[in-house]
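What follows is a single structure, written as C-alpha cells, with notes after it.
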Amino acid sequence: MDNIYLDNNATTKSDDRVFAAMRPYLTNQFAHPSSPHLLGAKVREKIEQARDSVAVLLGTSHPDEIVFTSGGTESINTAIKGILAAAPTRNHIVTTKVEHVSVLNLCLYMEKHRYRITYLPVDRQGMLNLEELRRSLTDHTAIVSVMWANNETGVVFPIEEIGEIVKERGIIFHVDAVQAVGRIPINLRKLSHVDLLSLSGHKFHGPKGVGSLFVRRGTKLHSLIVGGPQEGMRRAGTENVASIIGMGKAAELASIYLEEENTRVRQLRDRLERGIVDQIPEAGINGNRNERIPNTTNITFSGSRAGKLLKGMEKYGIYATSGAACTGGLSPSHVLMAMGLTPPEAFSSIRLGLSRYNTEAEIDYVISVLAMIANNLKTGVSLLSTASA
Ligand code: PLP
Numbered sequence: 070m071d072n073i074y075l076d077n078n079a080t081t082k083s084d085d086r087v088f089a090a091m092r093p094y095l096t097n098q099f100a101h102p103s104s105p106h107l108l109g110a111k112v113r114e115k116i117e118q119a120r121d122s123v124a125v126l127l128g129t130s131h132p133d134e135i136v137f138t139s140g141g142t143e144s145i146n147t148a149i150k151g152i153l154a155a156a157p158t159r160n161h162i163v164t165t166k167v168e169h170v171s172v173l174n175l176c177l178y179m180e181k182h183r184y185r186i187t188y189l190p191v192d193r194q195g196m197l198n199l200e201e202l203r204r205s206l207t208d209h210t211a212i213v214s215v216m217w218a219n220n221e222t223g224v225v226f227p228i229e230e231i232g233e234i235v236k237e238r239g240i241i242f243h244v245d246a247v248q249a250v251g252r253i254p255i256n257l258r259k260l261s262h263v264d265l266l267s268l269s270g271h272k273f274h275g276p277k278g279v280g281s282l283f284v285r286r287g288t289k290l291h292s293l294i295v296g297g298p299q300e301g302m303r304r305a306g307t308e309n310v311a312s313i314i315g316m317g318k319a320a321e322l323a324s325i326y327l328e329e330e331n332t333r334v335r336q337l338r339d340r341l342e343r344g345i346v347d348q349i350p351e352a353g354i355n356g357n358r359n360e361r362i363p364n365t366t367n368i369t370f371s372g373s374r375a376g377k378l379l380k381g382m383e384k385y386g387i388y389a390t391s392g393a394a395c396t397g398g399l400s401p402s403h404v405l406m407a408m409g410l411t412p413p414e415a416f417s418s419i420r421l422g423l424s425r426y427n428t429e430a431e432i433d434y435v436i437s438v439l440a441m442i443a444n445n446l447k448t449g450v451s452l453l454s455t456a457s458a
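Going by this note's numbering, the sequence shown opens with residue 70, and the numbers climb by one from there.
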C-alpha cells in the first residue's frame with residue numbers, strides 16, 4: 070500500500086487543479102497586478118476572482134472583506150495587533166488556553182507590552198464555560214480571539230453564542246478558523262457578530278504560505294505590514310499572485326467538497342475510531358465527540374508513548390503526529406493538559422487527521438496496524454515494568 074497520510078490538520082495535499090490554476094502565473098503570465106496595462110489587468114482580474122471564491126466559501130456577499138495574507142499566522146497577527154493599534158485606550162485581550170501557538174505566543178508577547186490577557190479554561194471535553202467568558206469581559210477589553218476548531222482535538226467552539234456574548238459588550242470578535250474552513254459550513258452573513266476571521270490556504274488543499282483575513286466592513290483595523298496601497302491599505306506589498314489564485318481555486322473546490330467532508334470523511338473518521346476503540350482496550354477518545362470537525366480524532370493509548378506508536382506506524386507507511394507536535398514532543402500538549410489529562414496521558418496521545426483523499430481500505434489497514442503496534446508496546450511495557458520491579 071502507498072503512504073497513508075493522516076496528518077491533514079498539519080497540512081493537506083494540494084489539489085492537482087490548484088497547481089494547474091497557479092502554473093500560468095508562475096510562468097508566462099507574470100505581469101504585476103497593479104500595472105495599468107492589459108497584461109496587469111488580466112492578472113488583477115484573476116486575483117479578484119480568487120477573492121470572490123474565498124468570499125463564497127465564507128458566506129459573505131462582500132468580497133472586499135477578504136484580505137490576502139501570507140497565511141494563518143499573519144492573518145491572526147494582523148487581526149489582533151491591528152485591532153489593538155486601532156483601540157489604544159483598551160489593554161485587555163480575552164482568549165483561551167487551547168489556542169494555536171500563533172495566538173498564544175502572540176498573547177505572551179503582548180503581555181510583555183502592557184497588555185493583560187485572560188486565558189479561558191476548558192473542561193474535560195475541551196469546551197468553554199460561556200459564563201466565564203461573560204465574566205471576563207471588561208470595559209478595557211479590546212478583542213476576544215477564539216478558535217473555531219481546535220487543531221489537536223478537532224473540538225468546535227459555539228461561535229454564534231460566543232459572538233452574542235462578546236457583542237453584548239460591543240467588543241471586537243476575532244475567530245481563528247484555520248482548521249474549520251473547508252471542513253464545516255461557514256456563513257458570515259448569518260454570523261454577524263464575527264468581525265474578523267483567519268484562514269490558511271494549505272489546510273484545505275491549497276498552497277502553503279497564503280491565507281486570508283476576513284475583515285467585516287466598518288471594522289477599524291491598522292495594517293500590520295505598511296507600504297503600498299494593496300489589499301485596500303490593509304496589507305501592503307505586491308501580491309503573491311500564483312498562491313492567491315491557487316487558494317481561490319482551493320476555495321472553489323472546498324465549497325463543492327464540503328458535503329463530502331461532512332459525510333464520507335466523517336464516516337471514515339468514525340470507522341477509524343470505532344475500529345481502534347473496539348480492538349484496543351487502552352484507547353480513549355479525547356474531546357467532545359458531538360462537537361468536532363469531521364476529519365479529526367485525538368486518541369490516548371494508555372501506557373504507550375505516542376512517539377513509539379508513531380514511529381511504529383511510520384514503518385508501515387502511516388503518517389500522523391502527536392498532539393504535542395509543535396513542541397517536538399518534548400512537553401505535553403498544552404491542549405490536552407488544559408482539558409485535565411495528566412502528562413503521561415498527554416504523552417500517550419496521537420492525532421489522526423483525515424481528508425477526502427483517504428479510503429476505507431486505508432482506514433481498515435491503519436486499524437489493524439495500530440492494534441498490532443499497541444499490543445506489542447503493551448507487552449514491551451509490562452515486560453519492562455516486571456524487569457524493574
Ligand atoms: N491556527 C490554527 C488553529 C492552526 O492549526 C494553524 C496551523 O497549524 C495556524 C493558526 C497557523 O496557520 P499557518 O500555518 O497558515 O500560519
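Cβ atoms here follow ideal geometry from the backbone N, Cα and C, with glycine treated the same way.
Provide the residue span of the alpha helix (DSSP H) that contains residue i, from first to last.
i	result
residue 147	141–155
residue 234	228–237
residue 426	First-last for residue 426: undefined, no H or E at that position.
residue 341	335–348
residue 378	375–384
residue 301	299–302
residue 403	403–407
residue 137	Element bounds for residue 137: not the alpha helix (DSSP H) but the beta strand (DSSP E), 135–138.
residue 121	107–127
residue 23	An answer regarding residue 23 cannot be provided, because it is not within the stretch 70 to 458 covered by the chain.
residue 199	199–205
residue 86	85–91
Which residues share a DSSP beta bridge with residue i?
i	result
residue 361	224
residue 73	387
residue 420	367 and 390
residue 253	250
Evaluate residue i with the Cβ neighbour count: other Cβ atoms within 10 Å of its Cβ, from every protein chain shown; 16 or more gives buried, anything less gives exposed.
i	result
residue 264	buried
residue 213	buried
residue 393	Its pLDDT being 45, under 50, residue 393 is placed unreliably in this model, and the value from its coordinates should be taken loosely. Buried, because 16 or more other Cβ atoms sit within 10 Å of the Cβ of residue 393.
residue 245	buried
residue 229	exposed
residue 89	exposed
residue 267	buried
residue 237	exposed
residue 336	exposed
residue 437	exposed
residue 420	buried
residue 73	buried
residue 131	exposed
residue 304	buried
residue 399	exposed
Using only CA atoms, which one of the options lies nearest to residue i?
i	options	result
residue 371	417, 446, 191 and 120	417
residue 310	164, 279 and 361	279
residue 208	104, 159, 406 and 91	159
residue 241	247, 249 and 232	232
residue 281	305, 120 and 446	120
residue 307	86, 125, 139 and 72	139
residue 286	75, 304, 298 and 261	261
residue 435	412, 91 and 343	343
residue 431	110, 185 and 388	388
residue 197	339, 96 and 356	356
residue 248	151, 217, 202 and 235	217
Just curious, the beta strand (DSSP E) that residue i is in, first and last residue?
i	result
residue 216	210–216
residue 99	Per DSSP, residue 99 belongs to no beta strand (DSSP E) and is neither H nor E.
residue 326	Taken as a continuous stretch (DSSP letters only), residue 326 belongs to no beta strand (DSSP E), being part of the alpha helix (DSSP H) at 310–329.
residue 269	265–269
residue 242	241–245
residue 283	280–284
residue 352	352–354
residue 81	Note, residue 81: premise wrong, no beta strand (DSSP E); not H, not E.
residue 164	161–165
residue 188	185–189
- [ ] Report yes or no: do three or more beta-carbon pairs, one from the stretch 261–279 and one from the stretch 77–91, lie closer than 8 Å?
- [x] yes
Open item on the list: When you compare the stretch 251–269 with the stretch 351–369, are there three or more beta-carbon pairs, one atom per stretch, that lie closer than 8 Å?
Closed with: yes
Task: Three-pair Cβ contact test at 8 Å for the stretch 167–177 versus the stretch 319–335 - done: no
- [ ] Please determine if the stretch 110–127 and the stretch 413–427 are in contact, where contact requires at least 3 C-beta pairs separated by less than 8 Å.
- [x] no
Task: Stretch-stretch touch, CB-based, cutoff 8 Å, three pairs: the stretch 184–202 with the stretch 404–422 - done: yes
Open item on the list: Using 8 Å as the cut-off, can you tell me whether the stretch 312–329 makes contact with the stretch 173–187, which would need three or more C-beta pairs spanning the two stretches below that distance?
Closed with: no
Open item on the list: Quick test of the definition: if touching needs 3 or more C-beta pairs under 8 Å, does the stretch 103–112 touch the stretch 129–138?
Closed with: no
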